[in-house]
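Each protein sequence line maps, in turn, to chains A and B. Using the working numbering, read the first sequence as starting at 4 and increasing by one per residue. Using the working numbering, read the second sequence as starting at -13 and increasing by one per residue. Remarks on the structure that follows.
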Amino acid sequence: MNTQDLFRNPFSDYNANSMDSKKILDYWCSPFALFKSRISERDIYQHDMPIVFMGGRGTGKTMFLKYFSYPVQCEAANQMSGGGHGNTLSFLKSNGGIGFYLRFDGPVLRSFEGKGLEPEKWDAIFTHYFELQVCKSYIEVILDLVNREQLSREGIEKEFVPRVAKKLGRLGKRVKLEDIFNTVEDALGDITSFREKIAFSKTEFVPSKPFVAQDLSFGIVEIAMETIPEFRNGIKFVILVDEYENYLKRQQVILNTLLKFVKPGITFRIGMRLEGFHTYDTISPKEFIKEGRDYTRFVFEDILVKDWRYREFLIRVAARRLETVPAFKERNLTDISRFLGKREDLQSEAADLVRGQESKTRHFDLLKHSELFKSKLDSDAIKKIQRIIAKPENPLLEVLNIIWVARGNEPEMTKKAMNEYLSGKVSSPLAKKYHLDYIDKYKLSLMILLASQYHKPKMYYSFNTFCFLSSGIVGTFIELCRRSFQYAYFEDPDTLINEGTIRSALQNRAARDLAHSELEMVNRIQNYGHNLYLFAKNLGNIFEKFQKDPLIRYPETNQFTVDASFGGDLELEDMFKTAIQWSIIQQKSYLQQQTPGGPKTDIYTLNRVFSPMYDLSYRTRGGYSERFDASYLKALMTQDGVRLRKKAPKRKTEPKESLQRRLI
Amino acid sequence: MRPLNGEYHNDVREYDYVLVACGSDYRAYQTLRKSKDFGITFKNVLIFDFEERHDYADAEMRKAYQSYEELALNIKPVTCSIKDPSTCVKALHDSEPNLHDAAAVALDISCFTKPYSFCILKYLKEQAKINHITALYTEPMSYVFAEGLFHSYHSTSGPLSIMEIPGFPGNDIRTTRKTLVVLLGFDGELSSFITDEVAPNDTTVINGFPAYAPKFKDISLINNEKLLSSIPRESILYSRANNPFETFNLLEHIFQRDSSAFINVAPIGTKPMALGACLFALVHPSVRIVYPLPTEYANITTQKCWYSWSYEIPLRIN
Chain A
4 MNTQDLFRNP
14 FSDYNANSMD
24 SKKILDYWCS
34 PFALFKSRIS
44 ERDIYQHDMP
54 IVFMGGRGTG
64 KTMFLKYFSY
74 PVQCEAANQM
84 SGGGHGNTLS
94 FLKSNGGIGF
104 YLRFDGPVLR
114 SFEGKGLEPE
124 KWDAIFTHYF
134 ELQVCKSYIE
144 VILDLVNREQ
154 LSREGIEKEF
164 VPRVAKKLGR
174 LGKRVKLEDI
184 FNTVEDALGD
194 ITSFREKIAF
204 SKTEFVPSKP
214 FVAQDLSFGI
224 VEIAMETIPE
234 FRNGIKFVIL
244 VDEYENYLKR
254 QQVILNTLLK
264 FVKPGITFRI
274 GMRLEGFHTY
284 DTISPKEFIK
294 EGRDYTRFVF
304 EDILVKDWRY
314 REFLIRVAAR
324 RLETVPAFKE
334 RNLTDISRFL
344 GKREDLQSEA
354 ADLVRGQESK
364 TRHFDLLKHS
374 ELFKSKLDSD
384 AIKKIQRIIA
394 KPENPLLEVL
404 NIIWVARGNE
414 PEMTKKAMNE
424 YLSGKVSSPL
434 AKKYHLDYID
444 KYKLSLMILL
454 ASQYHKPKMY
464 YSFNTFCFLS
474 SGIVGTFIEL
484 CRRSFQYAYF
494 EDPDTLINEG
504 TIRSALQNRA
514 ARDLAHSELE
524 MVNRIQNYGH
534 NLYLFAKNLG
544 NIFEKFQKDP
554 LIRYPETNQF
564 TVDASFGGDL
574 ELEDMFKTAI
584 QWSIIQQKSY
594 LQQQTPGGPK
604 TDIYTLNRVF
614 SPMYDLSYRT
624 RGGYSERFDA
634 SYLKALMTQD
644 GVRLRKKAPK
654 RKTEPKESLQ
664 RRLI
Chain B
-13 MRPLNGEYHN
-3 DVREYDYVLV
7 ACGSDYRAYQ
17 TLRKSKDFGI
27 TFKNVLIFDF
37 EERHDYADAE
47 MRKAYQSYEE
57 LALNIKPVTC
67 SIKDPSTCVK
77 ALHDSEPNLH
87 DAAAVALDIS
97 CFTKPYSFCI
107 LKYLKEQAKI
117 NHITALYTEP
127 MSYVFAEGLF
137 HSYHSTSGPL
147 SIMEIPGFPG
157 NDIRTTRKTL
167 VVLLGFDGEL
177 SSFITDEVAP
187 NDTTVINGFP
197 AYAPKFKDIS
207 LINNEKLLSS
217 IPRESILYSR
227 ANNPFETFNL
237 LEHIFQRDSS
247 AFINVAPIGT
257 KPMALGACLF
267 ALVHPSVRIV
277 YPLPTEYANI
287 TTQKCWYSWS
297 YEIPLRIN
C-alpha cells in the first residue's frame, strides 16, 4: 500500500486555480451529460459564437475552462498515448481547437488605474498588455508543439516567425521562435516596470511598439492560419478568459469589443460570476454586445440545481477524490453517500431530540396557537387532546396530529388517519391525505417546528441534505465534505477509516461551521460587503420566522420576489446584482407565480448554505413568496435586525364550533 | 535589532527625521513619548494624519489619536489617505525636500498600515536615495479579541480588495510557476481571500514563532486552518514574530530554493515580519507584494505596550 497520503483529506484541494494539469484530469468529471442537448464538448472548440459561462463561486467554471486549455489537453493526449508526444497534434485536431487559458488575478487588473494617470492612458496600456498576453499564450503553445516535434521548426521559422517578428517590431535576421517569445516577454516586462515606477514618480509609458485591440489577439492567428499548414483545416483558436468579473468596467469595454468583432478561426469562452458583466458597452459608442446576437449565455446553476442528475454528478466528483486516498481506495470506500448516509432519518432525529428533554410533551403547547381555540385552551384540554393523538415513539407524527387538530380536524379523526396510514391502508382517502401531509408536504417542517419548540437546533447531515445545501454549487458540496472529513479524522478516525462513515453530529457541525464561515466571508466582499452581509442576515431571520410558524402555514418558505424597477435606485439595483453575483441569493431559472394564481415573476431564494444558521429547511419549495418593494429591500440591505413589515397572508382554517365547545 | 529599554542613556542617537503614523492605539506614540528613556532624539517628526481616521465618534479615541499634539516635539503633520499611499509619498518630494538630504531617518512602523510602510521604505530608497534607516516598533501587550480568544480578531473590517502594494508589482517574466508566501496573521479570512485571488501553484506559510505570547502562534494556526489543510506540512514554516531579519533570511531561502518561481508575498502577520518582507522585496524587485486593502481598519486592535525595538535596516544590500 502506498503510505504517502494514506490519510489525506480527499477534499482538501478545493481551488481549481491551484491545480496542475494532471490534477485537473484526475478530478475531472464531464458535466456534459447534465447539459443534455444544449451544448456538447465539441461545441466548446467549434461553436463560432463566443460563449459566456456564468456561475457562482465554486460552481466549477475554472475547472471547466482549464480542462479545455492546451496544457490539460496535452496531458490527456499524453495519458492516452502512454506518455509519448506522438499524437498531441492529432488529438488537438480531433478536438477541433486549441484552448488558450487566460486568467489575470484581481491585483494585476486593479493596478491598471489611479496613481495620477488619466483613465484613457490606462486603457491604452491595458489594451497593449492584453494583446501581448494573448500573443504570449499563442507563441507558448506553438513553441511547445515545436519542442514536441508536432510542428516543423524549419517551416515555422521560415514562414510564421518573420511575419510575427515584423508585427512585433522585432528587427534583425534569423529570428528564432524563442526570440519572438522573449520579445513579447520583454514588452510585458516594460509594462510591469512602468507599473512599479508610476507609484512614486510622474513617468510616461513609452513602448517600443504600441499595440491596439486585435493587433496580436487576432493578427497572430491570421498569420498562423496562413503560414502553418497544420492549422488550416478548421482548427480553432479558443481564447478561454476566466474571472471576467474581476476586470474593471473600462477593461470589459475593451474585451467586449473583441467579443463583438471576433474573426473566423477565433472564438472566446468567458467564465464569470453571475451578473459578472459590469457593462455591455464596446469601444464604439453606438455598439454594445447582446446575448443571442454576440454571445451565448450558459448558467451553471440553472442546470445543476434543476437536474436530478446533479446528485450523480456529485457522487462522481467525490469518487474521483476518494480514489486518490489509498486508505479509502483499498477498502473500496469511494461512495460519498456511504460516508454521509443517503438520507437523513428525521424520525430518529425527532425521537432523540425529545428523549433528551425533561418535559417530553412540550410540543403539544403548539395547540395554543390555533385560532380555533383563541388561546382559551388550558392544560387540561391539551392533555385531553394529547391522550387521543399521542404517538410517543414518533414525535413527528404527534406534531402532524397537533397541526391537524389545530386546523380544525377532530382529534379522533386525526388519530384514525394516523392509524390507517401506519397500517398501510392505501385505499383509505384519509390515510392518503395523511401520507401526503406527512411524507410529501410537511415532514421536514415538522422536524424544524419540533426542534424550535425545545429550543434545539435542527441537524444537517446526509448526502441528500448536503446536495441540497450546496445549492447547485459543486465547491460548496466539496467544502461540506472537506469539513466533515476533517472533523472525522480528528474526532472519530476509526469509524471513518474502518467503517467508511461519518457521524451525523460531525456532519452537522461541518454544515453549521460552513454556514457561519460563508456569512463572515460575505462581509469581506469587495463591493457592498457589509450590505450583503446585512441582507443575508435579515433574509435568514425573516425566513426563520416563516418556517417556525406554529401552524406551518408557510412550510419551508425561503423565496421572495422584488420590485424589478428597484424604485429607480441604481445603487440598490447594483447591490442586488452583487448579491446574485456572489450567490448569496439565487435566481430561479424560470419565471414563477409569487403566490398560487398570481402573475409570473422572477423568484429569488436565499442560498441554502446559510440554512443551518437559522434552522431553515435545506430545500426550496414553491408556494408562498414574500414580495419586497424597493424601500423594504433597501432596509434589508442597510439596517440590522429588520423585521417582517407586514404579516403574511394567513391560511384559512375551517371554524368548527362543535370542536371548540367540546374542548374548551 | 535592539530593545529600547532605557539602558542607552549615554549613547543618545539623534535622528533628522522620524516618520510616525497617527493612531488611537496606545503604542502609536510610545517612541515619541519615551524617546528620552530610549536614548533617541528627533529633530523633525513627520506625523502621518489619515483622513479616514478623523471622524472618531468616541471622544476617548479621538483624544488618544490627537495626543501627539501634547508632546513637546517639532511635529509636522502630513495629511494623507489610507487608501492612497502612492499620492502621499509622491507629495513628500515637494513638501519635504530636506528629507532627501537627511543623514539619519527613523520610521516608526507600529501604527502604519503595511502598504504605507512598504511605500515609504521604497520611496526612501528609490526617490530619496537613502541607504539606511532605523525602524522603530512597539509591541502590543495584547490584541483585541472582541468575542473570545479564537476567531474574533479582525485587524480590518468591512469589504476587502486584494491589491498589489503600489510600487511592488514584481515581475513574472520568464518564471514558470507562481508561489505565494503568506506571513500568517490571526485574521483567517484574509489568507483565504488572498489565496483565491492570487491562485498560486504552491503556497508556503510563515507563522510567527516564538510569538509575542505563546498562544498567538496557535491562534493564527487555528484561524487559518482551511489554508493550512490544503498545503503540505513542509510548507508551514516559522520565523520569530519580532525579528524582521529572520523573516528576511527565510524568504531568501525560499527564493534561492526556487528562483524560477514568481514569488508573491502577503505580509498579513506581525509588522516586524512585514518589515522583513519589505526588505526582501527591496532586494528582489521581481517579488510581488499583495495585500488585502480594506475599506476600513478597526480603530483599536491592540492594548497597551510591551517592548519597543529598533532595527537597523540597510536599504541597499546588493
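Built from N, CA and C at the ideal position, the CB exists for glycine as well. Fair warning: this is a prediction, and the values are worked out from it, not measured in the lab.
Interface residues of chain B facing residue i [CB-CB closer than 9 Å]
i: Lys118/A; result: Asp70, Ser72, Thr73, Lys76 and Pro152
Closer than 8 Å to chain A by CB, residue i
i: Arg219/B; result: no
i: Val251/B; result: no
i: Tyr139/B; result: Annotation note: pLDDT 42 at Tyr139/B (below 50); position unreliable, coordinate value reported separately. By this cut-off, Tyr139/B is not an interface position.
i: Glu298/B; result: no
i: Glu133/B; result: Low per-residue confidence applies at Glu133/B: pLDDT is 47, beneath 50, and the placement is therefore not dependable, though the value from the model is reported in the following sentence. By this cut-off, Glu133/B is not an interface position.
i: Phe179/B; result: yes
i: Leu187/B; result: For the record, residue 187/B in the displayed sequence is Asn; it is not Leu. Yes, Asn187/B counts as interfacial toward chain A.
i: Arg302/B; result: no
i: Glu82/B; result: no
i: Val276/B; result: yes
i: Glu125/B; result: no
Test: residue i CB closer than 8 Å to a CB of chain B
i: Ala330/A; result: no
i: Asn422/A; result: no
i: Tyr247/A; result: no
i: Phe203/A; result: yes
i: Pro110/A; result: yes
i: Thr479/A; result: no
i: Arg630/A; result: no
i: Gly237/A; result: no
i: Ser473/A; result: no
i: Glu199/A; result: yes
i: Glu207/A; result: no
i: Gly192/A; result: yes
i: Ser114/A; result: yes
i: Thr337/A; result: no
i: Glu401/A; result: no
i: Phe10/A; result: no
Residues bridged to residue i (per DSSP)
i: Cys66/B; result: Phe36/B
i: Leu112/A; result: Per DSSP, none; premise fails for Leu112/A.
i: Pro13/A; result: DSSP, once it has assigned bridges, lists no residue as partnering Pro13/A.
i: Ile588/A; result: Leu609/A
i: Ile119/B; result: Ile299/B
i: Pro83/B; result: DSSP output for Pro83/B lists no bridge partner at all.
Partner residues on chain B for residue i, Cβ-Cβ distance less than 7 Å
i: Gln489/A; result: Ser215
Neighbour list for residue i in chain A, Cβ cutoff strictly below 9 Å
i: Asp184/B; result: The residue you asked about is not Asp; residue 184/B is Val in the sequence shown. The contacting residues are Asn20, Asp108, Gly109 and Pro110.
i: Cys105/B; result: Ala202 and Phe203
Where residue i meets chain B, residues with beta-carbon distance less than 8 Å
i: Thr285/A; result: Near Thr285/A there are no residues of chain B at all, since even the closest Cβ is about 26 Å away, more than 8 Å.
i: Glu188/A; result: Ile159 and Arg160
Cross-chain neighbours of residue i in chain A, by beta carbon under 7 Å
i: Pro155/B; result: Ser114, Thr195, Arg198 and Glu199
i: Tyr109/B; result: Phe203
i: Val269/B; result: Residues of chain A passing the Cβ test: none, with the nearest at roughly 15 Å.
i: Glu112/B; result: Phe203
Proximal residues of chain A, C-beta to C-beta of residue i below 8 Å
i: Ser147/B; result: Gly109, Arg113 and Gln529
- Query: Taking Cβ-Cβ distances below 8 Å as the criterion, which residues of the stretch 526 to 546 of chain A are in contact with chain B?
  - Reply: Cβ contacts with chain B come from Asn526, Arg527, Ile528, Gln529, Asn530, Tyr531, Gly532 and His533.
- Output, in sequence order along the chain, the residues in the stretch 147 to 159 of chain A whose CB is closer than 9 Å to any CB in chain B. Residues passing the 9 Å Cβ filter: none.
- Interface residues of the stretch 13 to 39 of chain A facing chain B [CB-CB below 8 Å]: If you check each beta-carbon in the stretch 13 to 39 of chain A against every beta-carbon of chain B, the ones closer than 8 Å belong to Ser15, Asp16, Tyr17, Asn18, Asn20, Ser21 and Asp23.
- Message: Check whether the stretch 97 to 110 of chain A and the stretch 184 to 192 of chain A are in contact - that is, three or more C-beta pairs closer than 8 Å.
- Response: Taking 8 Å as the limit for Cβ pairs, the verdict is that the stretch 184 to 192 of chain A does not touch the stretch 97 to 110 of chain A.
- If you pair each beta-carbon of the stretch 7 to 23 of chain A with each one of the stretch 313 to 330 of chain A, do three or more pairs fall below 8 Å? Yes, they touch.
- Task: For the stretch 260 to 272 of chain A and the stretch 193 to 206 of chain A, state whether three or more C-beta atom pairs, one from each stretch, are separated by less than 8 Å.
- Result: Result no; under three Cβ-Cβ pairs closer than 8 Å.
- Task: Give a yes or no on contact between the stretch 624 to 637 of chain A and the stretch 556 to 568 of chain A, applying the rule of three or more CB pairs nearer than 8 Å.
- Result: Segments in contact, yes.
- Message: Pairs of beta-carbons, one from the stretch 21 to 39 of chain A and one from the stretch 232 to 244 of chain A, closer than 8 Å: are there three or more?
- Response: The stretch 21 to 39 of chain A vs the stretch 232 to 244 of chain A: no contact.
- Contact between the stretch 8 to 16 of chain B and the stretch 87 to 106 of chain B (3+ Cβ pairs under 8 Å): With the cut-off at 8 Å, the stretch 8 to 16 of chain B and the stretch 87 to 106 of chain B touch.
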